[in-house]
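*Asks:* Quick one: the structure is below, and I'll ask about it shortly.
Numbering (mature numbering (1 follows the signal peptide of the UniProt record, and there is no 0)), first residue to last: -24 to -1, 1 to 192.
Below, the structure is given as structure tokens:
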């Protein structure tokens, strides 16, 4: 067990951190169904990674998509939507252009509330509220109008969108500029998670008694 833990620690400190792994693990923790409420510390750490790394936006979108598509835990989907909204508000155009696309809005958001999945009303309204707010915000941005097309199409089909509840929207934070030292600190937290997983998943091998030596 100690050797396994040491392996992860050495790997973390001696080679560049895998941003994709870090983003995936933090997203999984921030959207865990066992959370009693949104963990804004984790949410903003995800935003920091997106803002500070080249592949951060793409990796984060993949991680969030994985937590929404095909997930039967509606609580986790709701938490994922909060993370998604926080990233849209705090991570700028590099992230926004990925999630405001028609492909993402239809393939991830609209798909999550299809009648066959029997989504609760709260989730249904939350998704539509996000689509509506993004359509209003990005309507004048040519590279972000994919969500506008989806919104207008849904309206033409007669879908009713909920009234926007400003108090329910995620707060806007100004992301701090952080460097590799901060990412390593986040990595140490990930190592702790991995250690817990290892301790749970790996069986403890019984120690065999040493053979007795003859005194003759």
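Heads up, the beta-carbon is just placed ideally off N, CA and C, and yes, glycines get one too.
Predicted model only: the values in this text are computed from it and were never measured.
Any beta carbon of chain B sitting closer than 9 Å to that of residue 105?
*Replies:* Looking at the structure shown, chain B is missing, and only one protein chain is on hand.
*Asks:* Measuring only the C-alpha atoms, how far is residue 115 from residue 64?
*Replies:* 15 Å
*Asks:* For residue 33, name the three-state secondary structure that DSSP assigns.
*Replies:* The three-state secondary structure of residue 33, taken from DSSP, is helix.
*Asks:* At a cut of 8 Å, does the region 87 to 99 reach the region 35 to 42 through at least three beta carbon pairs?
*Replies:* No: fewer than three Cβ pairs fall under 8 Å.
*Asks:* Report the start-end ranges of each beta strand (DSSP E) in the region 62 to 138 that is 3 residues or longer and not cut off at the edges.
*Replies:* none
*Asks:* Go ahead and pull the three-state DSSP assignment for residue 14.
*Replies:* Coil.
*Asks:* What whole-angstrom Cβ distance do residue 55 and residue 11 have, given they're in contact under 8 Å?
*Replies:* 6 Å
*Asks:* Is residue 119 buried or exposed, if buried means 16 or more other CB atoms sit within 10 Å of its CB?
*Replies:* With fewer than 16 Cβ atoms within 10 Å of its Cβ, residue 119 is classed as exposed.
*Asks:* Please name the residue, chosen from 110, 58, 103 and 9, that lies closest to residue 135 on a Cα-to-Cα basis.
*Replies:* That would be 103, whose Cα lies nearest to the Cα of residue 135.
*Asks:* Can you tell me where the alpha helix (DSSP H) with residue -2 in it begins and where it stops?
*Replies:* Here the alpha helix (DSSP H) through residue -2 covers -6 to 6.
*Asks:* Alpha carbon to alpha carbon, how far is residue -7 from residue 22?
*Replies:* 14 Å
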